[in-house]
Structures are given as C-alpha cells and as structure tokens.
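For reference, the structure is listed below as structure tokens.
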Amino acid sequence: MTASPSAKPAKPKLAFRPLPVPQVDVHGFWGDRVDAVAARTADILYERCVEARMLEQIDPDRPAPGVVIPFHSPSPDEAASVGFTGSTVTTQMFWDSDWGKTIETAAYSLYRRKNPALEKRIDAVIDMYEKLQQEDGYLSSWYQRIQPGLRWTNLRDCHELYCAGHLIEGAVAYYQATGKRKLLDVMCRYVDHIASVLGPEPGKKKGYCGHEEIELALVKLSRVTGERKYMELARYFIDQRGLEPHFFDEEARARGADPKAYHFKTYEYNQSHKPVREQDKVVGHAVRAMYLYSGMADIATEYGDDSLRVALDRLWDDLTSKSLYITGGLGPSAHNEGFTSDYDLPNETAYAETCASVGLVFWASRMLGMGPNARYADLMERALYNGSISGLSLDGSLFFYENPLESRGKHNRWKWHRCPCCPPNIGRMVASIGSYFYGVAEDAFAVHLYGDSTARFDIGGVAVSLTQASNYPWDGAVEIAVEPQAPVAFTLHLRIPAWSAGAALEVNGETVKLADVTSDGYAAIRRTWKKGDQVRLDLDMPIERLYANPQVRQDAGRVALSRGPLIYCVEATDNDSQLHRVSLPRTAGVEAQHRPELLGGVVTLSALAQADAADGWQNGLYRPEPPATSQTRLTAIPYFAWDNREPGEMLVWLRDG
Numbered sequence: 298m299t300a301s302p303s304a305k306p307a308k309p310k311l312a313f314r315p316l317p318v319p320q321v322d323v324h325g326f327w328g329d330r331v332d333a334v335a336a337r338t339a340d341i342l343y344e345r346c347v348e349a350r351m352l353e354q355i356d357p358d359r360p361a362p363g364v365v366i367p368f369h370s371p372s373p374d375e376a377a378s379v380g381f382t383g384s385t386v387t388t389q390m391f392w393d394s395d396w397g398k399t400i401e402t403a404a405y406s407l408y409r410r411k412n413p414a415l416e417k418r419i420d421a422v423i424d425m426y427e428k429l430q431q432e433d434g435y436l437s438s439w440y441q442r443i444q445p446g447l448r449w450t451n452l453r454d455c456h457e458l459y460c461a462g463h464l465i466e467g468a469v470a471y472y473q474a475t476g477k478r479k480l481l482d483v484m485c486r487y488v489d490h491i492a493s494v495l496g497p498e499p500g501k502k503k504g505y506c507g508h509e510e511i512e513l514a515l516v517k518l519s520r521v522t523g524e525r526k527y528m529e530l531a532r533y534f535i536d537q538r539g540l541e542p543h544f545f546d547e548e549a550r551a552r553g554a555d556p557k558a559y560h561f562k563t564y565e566y567n568q569s570h571k572p573v574r575e576q577d578k579v580v581g582h583a584v585r586a587m588y589l590y591s592g593m594a595d596i597a598t599e600y601g602d603d604s605l606r607v608a609l610d611r612l613w614d615d616l617t618s619k620s621l622y623i624t625g626g627l628g629p630s631a632h633n634e635g636f637t638s639d640y641d642l643p644n645e646t647a648y649a650e651t652c653a654s655v656g657l658v659f660w661a662s663r664m665l666g667m668g669p670n671a672r673y674a675d676l677m678e679r680a681l682y683n684g685s686i687s688g689l690s691l692d693g694s695l696f697f698y699e700n701p702l703e704s705r706g707k708h709n710r711w712k713w714h715r716c717p718c719c720p721p722n723i724g725r726m727v728a729s730i731g732s733y734f735y736g737v738a739e740d741a742f743a744v745h746l747y748g749d750s751t752a753r754f755d756i757g758g759v760a761v762s763l764t765q766a767s768n769y770p771w772d773g774a775v776e777i778a779v780e781p782q783a784p785v786a787f788t789l790h791l792r793i794p795a796w797s798a799g800a801a802l803e804v805n806g807e808t809v810k811l812a813d814v815t816s817d818g819y820a821a822i823r824r825t826w827k828k829g830d831q832v833r834l835d836l837d838m839p840i841e842r843l844y845a846n847p848q849v850r851q852d853a854g855r856v857a858l859s860r861g862p863l864i865y866c867v868e869a870t871d872n873d874s875q876l877h878r879v880s881l882p883r884t885a886g887v888e889a890q891h892r893p894e895l896l897g898g899v900v901t902l903s904a905l906a907q908a909d910a911a912d913g914w915q916n917g918l919y920r921p922e923p924p925a926t927s928q929t930r931l932t933a934i935p936y937f938a939w940d941n942r943e944p945g946e947m948l949v950w951l952r953d954g
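Counting from 298, one number per residue, gives the positions in the sequence shown under the working numbering.
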C-alpha cells in the first residue's frame, strides 16, 4: 500500500486560524508569565547563546569557532561501521535553530515590553544572517562556516531544514511584532533556494528533514506573506515522508555510507518508517513526532484533507490512551528522547522533555484549526498549565530539560544545556501564549483558553474586540465583553472543559441551556452581536482524585490530585514526612486554599493523610510487622511551580490509602 499525495486543494469546511500575537493582550496568570519572559528570559537566552559561542558561528566577520561541542561518540559496534552517523553529529549543528527560537522569543517580548538594548542585539544578529547568506539563497552557519562543501548531503541526521524552520518562525515573529522584514526577506530567499533543490519535479532531490519542523514553519510563512508556494512546499514534505524508495537510504548510499549504519536502527525514530497517512502509532523521538503532527494538522486545515485528519485522529487516540503522562508530558525514555512501549510511564526516570510538551501544545492548537473540539483544547490546556511551563522557573531564569513526576531531591533547574533547545522553546511559547487563546474563521470565533485577555479581530468586515475578565485558573468565573464596531452576526464558540461538570452560561443575563448549544465540548452562540453584549461562563473547579489505567504498572495503587486544569504535586518543603511514606485515605477530605504569598500566588490543596513511621527498624531491613502509622497534614502545590524553592523531594502520584 502506498500513500496518495494530498488531494487537489479543497475549500476547508470551516478553517480556524490563530490570531497573531500582536492582536491579543494577555494579563492575569499568563500575563505574569509573559512578563517574566519579557523582563528576564529573552535577555538571558541571548546572553547564554553568546556565552556558548553561538554568535561567533554566525558572524562572517569573525574567524569560525570550529567544533566547540564534540561529535557524538559511537559505541564500539557502531564505531566499526563505515559512515556511522554518530561520528557526524553534534548539537552544534543546530545552533541556528537556537538563534531562531531566541529571535522569536525576543520578538514577542519586544511587543510586550520595550527593550531597546535587546532589540539592537537581535537586529545585529539578523544583520549577520543577511551577510552570511550566499548568493543562491543558501543559509546555514554550520555548513558555511564549520563544514563547507557538505550541504544537502545528510538531511536524515544533520538538521539543515530543522534549522531553517526555526529561523523562518523567528523571521515571521520579528516581522509581526516589530514590522521589520529584513529576516523575513532573507528566509524567503532561502526557502526559494530550498524549493529549487527539493521537490517532486525531475532533477530535484526527493528529500525531507530527519527532524521535522520546517513543515509548520512554512505554513506560517505562507500565511504571513500570502505566497501559496510556501504552503505547497510544506505539503510536499508531508506527502513525501516515508515513501519508497526511502530517501534516507538513497541519500546514505550517495554519500558512500551504509544506510544501516544508523544509531537509532529504525526510521520509526524520525517517523519516516511509513507514509504519514498509514501511521497509526506514536513512535520514536517525541519532539519530532509532535512537530510532524503539527505540520500535518496545518496542511489538513489548509487543504481540507480528510485523509490526514483520519491519520491524525488515530495517532491522537494512540498517544492519549497509551503513552501520555497525566501532566501532559510525553516521551518516557532518555535513550531515544521519546516513546518506548504502551503504558510505559515511569515517574522518577520520566524524560518528558519540555520541548515535547510544548510540541503537544502546537499539535493540539493546530487540530483546532479544523474546528472547535474540546478533546484537543482540553489536552492543550493540560500540557500548557502543567508539563510545559514546569520547564521554566517562575522568575524566568532557570530551566528543566526533563520533567519527571517524582524526584528524590536531586533533579533541579539548570542555567543552560549542551543541547539548549528547551529554554528558547518554552520562552517563545509563553511569549506567544495569546495566539493559543483564540481562533477565527469566516463567520465564527472560538475561545479555547480562559483568562484575562483582550482579542482584536475582523469578522464579516467588522472590527471586533472581545475582552475576558477572570481569575482563571484559580477561579472558574469568566466574564466576556463583546464590542463590535457595528452589529455583526457570527457564532461564538466557548469551550466547556471536560473537568467542569457543573458549568453555567448566560448571555446578557439570560440563562443559556448548555445541553442545547454544546457540540464537541464547545457551546456555540449564534447571534448578531452588538456593543455592550455580555457573556458569563461559570466553570466549577472540582478537586478530583485521578487514577491511572491498571496497565500503567508504575501508578498501580496510586492517586493524583487535580483542580480545574491543574495537576498537583507534593514537595518536601511543605510536608513533614518522606513523601513515599505518605498515603492519602479515600475518605480524606481535600480542601483548596488560596495562598497569595506562596509561589507568586497559588491555590494549594491539603488533606489529613497517613504516614508510615520509620522507628523500630534498627535490627534490619525486614520484619513481620508492618510499620506503625500516624496522621500528618499533606499539602500539595501546582506541578508547574515545583523546584522554585529549596531543593527537595517531589511526588505527583501518592499512595492510595
């Protein structure tokens, strides 16, 4: 069976597109996080890129720095293989991607908060890229400055197109946020060059990237420039992936290497083992998978491609039913930075890379392009509030690469990393959070996320302002003011989260029966909107005990706590006993308490629990009597806020008493 390419472009049934960041002002919970990124993270990213010597690599007026980060060392059996890829790869190869994400973070931060010094620095970086670009449009600091002469010889391993993708996204962001288009023009020239080298036409390489990313970047570039050819190139990369004869095999033989001399042994690692429409299982490197599915969802939206939608829903079901952490984290294994087997979700050794959870947010948000559906938006929210922003300290200065669900106190935030993909990834996502809140279609507007914010958009040729007032996620009351410049008819879609069983909706003081207007988890209000229209949505915030599928052996006999969109954890600093000795009785009442003085202002959960006593074990490790128990007060904080105080133990899954 072979996959057919995307059908002739069809008019999408109902395509929703995110609002550009400058059209959304965010305050409240997310506003605090955007402010932290604008005030600290954006500058830190630039400074740490410079400290890592990344600036030297892109500046054509300086001597090239050479190989700063050594090539990966092969294992003995691989070292004996001619052309082994491990000896040809270093994380330095994708420094351009780190610059791209740093530029994107800076762009949205500059929109949020004036920072002339940072803007001047980023302008200088962009000038270097413009000067570095070759006459034919090619642009890669690694292949121009460190390994010249090898461009387009190893797409499988060496991140050429991945780097281009992140630079494209940085260019789009910088143009949208500052109005400056120098980098946008540079990247358009580069993409035109890429399209002259890769594609379905005779004489071109039938290639695509080993690390997906450029696909979703090209969609952004097409939308901001209006150039359909960039969308077509994105579609080509999606359609070509995994077709036989396999491009990565042919490419390896062309450079004199054995295709089998591949560190990860299987093309499942980069999701090129099958054509995308035949894939039904989430496999391989988690970040690559999320970026691929994001690109597929964009193309499905743009072309009304139901064959891609069917494959995406199969993959979504597989991820969410077998391989997803309760925090919205994913990818349990450090070995492949990705997936292992069904229901393998270890807690203490969880890899759950920050980039992977960010990638899940990307995928979920793009699935919403095909129409409001709470199955995607609820998980986007779960990943946003838990598994992704846990990767950034509350003050915006320190980072997690891995996000385990259990720690003995040794897993702590770090300043930088030899593979620093996560800091700018979480930085750019937080700085652009407004674009995830809303979606606009021809005659419809969707509210995916709740919280203090104002959106500005046009619908039916009429300018509309929509403002939310809410203390979300600490409180479920949401007031929405709709202010069109003139009366205009459209459908307002409001997400009703699956965790809120007791939601209530009013429009201009009149109760709306949710059962009558809700489909796919969204309440749809169709009316001619006028200035002064008010919508009130009340979401109850239940405290829930959550249990894992019994096939997840690591969570057998355990319970987790949630409130609204937040998953909770316990930290040693708030609790008297060692955390593994504590059990939460099923009869214990769990109370919520607002703590404005704690961790920037959070709601904690507390309960009376049981703790195993440690005394009476002086004579050895084992005895016939169980330990004595005593009552203890258990306090839990939101998972995203852990390790922002003194180091210590942390636990998400408690013993179920």
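Where is the CB? At the ideal position from N, CA and C, for every residue including glycine. For clarity, every value in this text was computed on a predicted model and none was experimentally measured.
**Request:** My understanding is that G581 touches Q568, with C-beta atoms under 8 angstroms, so please give their C-beta distance in whole angstroms.
**Result:** 5 angstroms
**Status (buried if at least 16 other CB within 10 Å, exposed otherwise) for W711** = exposed
**Prompt:** Which of the three DSSP states, helix, strand or coil, is assigned to Q765?
**Reply:** strand
**Request:** Within the region 434-481, note down every full alpha helix (DSSP H) run reaching 4 residues or more, in order along the chain.
**Result:** 457-475
**Request:** Take S874 and list the residues in its own chain whose beta-carbon comes closer than 7 angstroms to its own, dropping the five residues that flank it on each side.
**Result:** A908, T929
**Prompt:** Does the region 434-441 come within contact of the region 495-511, defined as at least 3 CB pairs closer than 8 angstroms?
**Reply:** no
**Item:** Which listed residue (M484, Q537, E524) has its alpha carbon closest to that of K501
**Value:** Q537
**Message:** What does the Cβ neighbour count give for R850, buried or exposed, with the cut at 16 atoms within 10 Å?
**Reply:** exposed
**Asked** Which residues does DSSP pair with S880 in a beta bridge?
**Response** Q907, R952
**Item:** Inter-stretch contact at 8 angstroms, needing at least 3 Cβ pairs: the region 694-704 / the region 760-769
**Value:** no
**Prompt:** Taking all protein chains shown into account, do 16 or more other C-beta atoms lie within 10 angstroms of the C-beta of A470, making it buried, or fewer, making it exposed?
**Reply:** buried
**Asked** Are the Cβ atoms of L791 and A820 separated by less than 8 angstroms?
**Response** yes
**Asked** What is the rounded straight-line gap between the Cα of P784 and the Cα of E776?
**Response** 20 angstroms
**Request:** Specify, as a first and last residue, the run of the beta strand (DSSP E) that F742 falls within.
**Result:** 741-744
**Asked** Which value, in whole angstroms, describes the spacing of the CA atoms of R715 and N722?
**Response** 15 angstroms
**Asked** Cβ of L295 within 8 angstroms of Cβ of M528?
**Response** The chain is shown from 298 up to 954; residue 295 falls before or after that span and cannot be answered.
**Asked** For E868, does the three-state DSSP call read helix, strand or coil?
**Response** strand
**Asked** Who does Y819 pair with in a DSSP beta bridge?
**Response** R792, S816
**Prompt:** For the region 505-513 against the region 584-598, are there 3 or more C-beta pairs whose distance is under 8 angstroms?
**Reply:** yes
**Request:** Determine, using beta carbons only, whether P556 and E645 come nearer to each other than 8 angstroms.
**Result:** no
**Message:** Three or more C-beta pairs under 8 angstroms: does that hold for the region 398-413 against the region 721-739?
**Reply:** yes
**Asked** Can you name, in chain order, every residue of its own chain whose Cβ lies under 8 angstroms from the Cβ of P309, other than the five neighbours on each side?
**Response** The predicted model places P309 with a pLDDT of 48, which falls under 50 and marks its position as unreliable; any figure quoted below should be read in that light. The residues are T598, E599, Y600, G601, M667.
**Prompt:** Are the beta-carbon atoms belonging to S620 and V579 less than 8 angstroms from one another?
**Reply:** yes
**Request:** With distances taken Cα to Cα, identify the nearest neighbour of C652 among G626, D675, T637.
**Result:** G626
**Asked** Can you list, in chain order, the residues of its chain whose CB lies under 8 angstroms from that of A307, leaving out five sequence neighbours each side?
**Response** Below a pLDDT of 50, predicted positions are generally treated as unreliable, and A307, at 47, falls in that range; the measurement from the model is reported next regardless. Excluding residues within five positions, the ones whose Cβ falls inside 8 angstroms are Y600, G601, D602.
**Request:** Taking 8 angstroms as the cut-off, decide whether the C-beta atoms of P669 and D835 are in contact.
**Result:** no
**Item:** Buried or exposed (CB count within 10 angstroms, at least 16 for buried), L918
**Value:** exposed
**Message:** Taking the beta strand (DSSP E) that G736 belongs to, which residues open and close that run?
**Reply:** 735-737
**Prompt:** Can you list the alpha helix (DSSP H) stretches of 4 or more residues lying completely in the region 570-601, in chain order?
**Reply:** 583-600
**Asked** For Y533, which of Y505, I366, E541 has the nearest alpha-carbon?
**Response** Y505
**Request:** Run the CB neighbour count on K305, radius 10 Å, all protein chains shown included, and call it buried at 16 or more, exposed below.
**Result:** Here the model assigns K305 a pLDDT of 44, short of 50, so the residue's position is not dependable, and the following value carries that caveat. Classification of K305: exposed, given that the 10 Å Cβ count is below 16.
**Item:** Any 3 or more C-beta pairs closer than 8 angstroms across the region 628-644 and the region 684-692
**Value:** no
**Where the beta strand (DSSP E) containing Q831 begins and where it ends** = 830-835
**Asked** Just how far apart, CA to CA, sit L458 and L452?
**Response** 7 angstroms
**Request:** Spatial neighbours of V323 within its chain, please: CB distance less than 8 angstroms, with the 5 preceding and 5 following residues excluded, ordered by chain position.
**Result:** V331, I730, G731, F734, G748, D749, S750
**Request:** Throw me the rounded Cβ distance for the L464 and D393 pair, which I believe falls under 8 angstroms.
**Result:** 6 angstroms
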